[in-house]
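Numbering (the numbering used here), first residue to last: 19 to 217.
Backbone N, C-alpha and C define an ideal beta-carbon position, used for all residues, glycine too.
Data block below; observations after.
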């Protein structure tokens, strides 16, 4: 049995929440709440830690949050955790165009999951998943941010072109959730998750 009986998933993205739920393969119960959460700046780790602590302050129960980044090696890791603002400003095509003048089109996608129970922990614990790849011209659906311009190494398709079920077995989000489950639920990845949506 897993020693974690209940935890709140905190995210501002319904699409991310759906993907997380699918990765966890239905072993969860979901409760949705709307709570305003300020935007943080800093490293992905700092952002995740701050999100965890504020989420726990609101809910006063065990929480986990995630922060996802898309990092261009030619830009020393930018746009990083601010990629959603780049998408809003210039779109996926604009992300591709940022690397037009560079030979180096390599990039990496990361998700950091933070888990925190303020009653038993002094600081959140973080779980990282990373997938290396290249930035390509947009291919596939543009419904989910930058998936259409990121092609993982060893694959001929972008994330957006992949079957969702297959993507959920190789993605950065899958790897971070796998690390969380292995660490927190050593014998089973089954646990109750209640989802809180932060605006």
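Does the Cβ of residue i have 16 or more other Cβ atoms within 10 Å, making it buried, or fewer, making it exposed?
i: residue 176; result: buried
i: residue 87; result: buried
i: residue 181; result: exposed
i: residue 111; result: exposed
i: residue 43; result: exposed
i: residue 6; result: For the chain, the structure presents residues 19 to 217; residue 6 sits outside this window and is missing.
i: residue 37; result: buried
i: residue 56; result: exposed
How many angstroms separate the CA atom of residue i from the CA atom of residue j?
i: residue 29; j: residue 83; result: 6 Å
i: residue 27; j: residue 173; result: 30 Å
i: residue 191; j: residue 121; result: 28 Å
i: residue 62; j: residue 113; result: 19 Å
i: residue 73; j: residue 39; result: 19 Å
i: residue 104; j: residue 145; result: 25 Å
i: residue 201; j: residue 155; result: 37 Å
i: residue 185; j: residue 101; result: 20 Å
i: residue 178; j: residue 117; result: 19 Å
Cα-Cα, which of the options is closest to residue i?
i: residue 170; options: 128, 135, 118 and 70; result: 128
i: residue 68; options: 134, 106, 145 and 110; result: 134
i: residue 198; options: 78, 70, 178 and 131; result: 131
i: residue 151; options: 81, 160, 165 and 36; result: 165
i: residue 66; options: 193, 99, 108 and 139; result: 99
i: residue 31; options: 139, 92, 85 and 123; result: 85
i: residue 106; options: 163, 149 and 153; result: 163
i: residue 153; options: 183, 91 and 59; result: 91
Tell me the DSSP bridge mates of residue i?
i: residue 170; result: 151
i: residue 89; result: 97 and 126
i: residue 58; result: Bridge partners of residue 58: none, in fact.
i: residue 188; result: BP columns for residue 188 are empty, so no partner.
i: residue 83; result: 28 and 132
Taking 8 Å as the threshold (C-beta atoms), are residue j and residue i in contact?
i: residue 89; j: residue 125; result: yes
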